[in-house]
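Notes follow once the structure below has been shown.
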Amino acid sequence: MTEFLDGPQGRRIACNRLDGQGPCVVFLGGFRSDMQGTKAVWLEDWARARGRAFLRLDYSGHGESSGAFEDGCIGDWLADAQAVLDRVEGPVVLVGSSMGGWISLLLARAMPERLAGLVTIAAAPDFTEAGFWTGMDAGQREALLREGRVLRPSDYDEPYVITRRLIEDGRRHLVLDRPLALPFPVRFLQGTADADVPMSWALDLLEHAEGPDMRLALVKGADHRFSTPDCLEMIGAAVEEVLARG
């Protein structure tokens, strides 16, 4: 059952919470995704079958949470996730998909003592800079700075708005421009056929981050959704492994 929490600046954050054994597994979804996605729902079923505490949420402007998507930015969605985590007792294992991988890394940097482990799926740290800004031509960049927004085509839906605020706020939340300590079990999952997050980003993240128990699994042919039955089982196995080693 969906519940609503009062988040930062009056934003109402929707989440689904499952009581059970801790540490609580928290799923953080991707850019323009919501908590009804395949991975989020599958992982909740996985947790329920094992009596495991679990939580999934919608950032503001996503799913059932308040706000307009194009008004948001990485800092807002990080604050939303942090507000929800503040209501969870004890340690957590974060499972971050795509943008949720970036947000989980920011949370790990801000509150490492709360994390018992981390699993990322096609993590996209710094994508507003390394993906959106770098991928724009001079005319698009000029239009973004002048008008405050540009339209970006999507492989999944209608074109969507990229705002100047999203780009500029993203630069204030980069994680690959400074040391990144992950002092807990970490498992990075990445498909080789991902058209949105290049495999090189996963290798760069593995090389950049520091931690005593860190592994990257590459799945040949898996795309950005990473939602085939085999991929979903890999996610569950990675969470199990992190929980066992945490």
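Following the UniProt record's numbering, the numbering of the sequence shown begins with 1 at its first residue and continues without gaps.
The beta-carbon is built from N, C-alpha and C at its ideal position, and this holds for glycine as well.
Cβ pair count under 8 Å reaching 3, the stretch 4–23 against the stretch 71–89: yes
Can you find the residues in the same chain that come closer than 6 Å, C-beta to C-beta, to F4, ignoring five residues on each side of it along the sequence? R12, A14
Keeping to the same chain, check which residues put their C-beta closer than 7 Å to that of E129; ignore five residues upstream and five downstream. G170, R171, L174
Status (buried if at least 16 other CB within 10 Å, exposed otherwise) for D45: exposed
By the three-class DSSP mapping on this structure, what secondary structure does V242 have? helix
D76 - containing alpha helix (DSSP H), residue span: 74–85
Give me the Cβ distance between G63 and Q36, rounded to the nearest whole Å; I'm assuming they're in contact under 8 Å. 7 Å
Three or more C-beta pairs under 8 Å: does that hold for the stretch 38–55 against the stretch 228–243? yes
Secondary structure at P8, three-state DSSP: helix, strand or coil? helix
Does the beta-carbon distance from I121 to S97 come in below 8 Å? yes
Check for me: the alpha helix (DSSP H) holding R56 runs from which residue to which? No alpha helix (DSSP H) contains R56, which is instead part of the beta strand (DSSP E) from 52–57.
Reduced DSSP secondary structure (H/G/I, E/B, other) of E158: coil
Mapping DSSP to helix, strand and coil, what is A123? coil
For R152, the residue or residues it bridges with in DSSP: Y160
Pairwise C-alpha distance: A138 and G29: 31 Å
Would you kindly work out how many angstroms separate the C-alpha atoms of P23 and T2, rounded to a whole number? 21 Å
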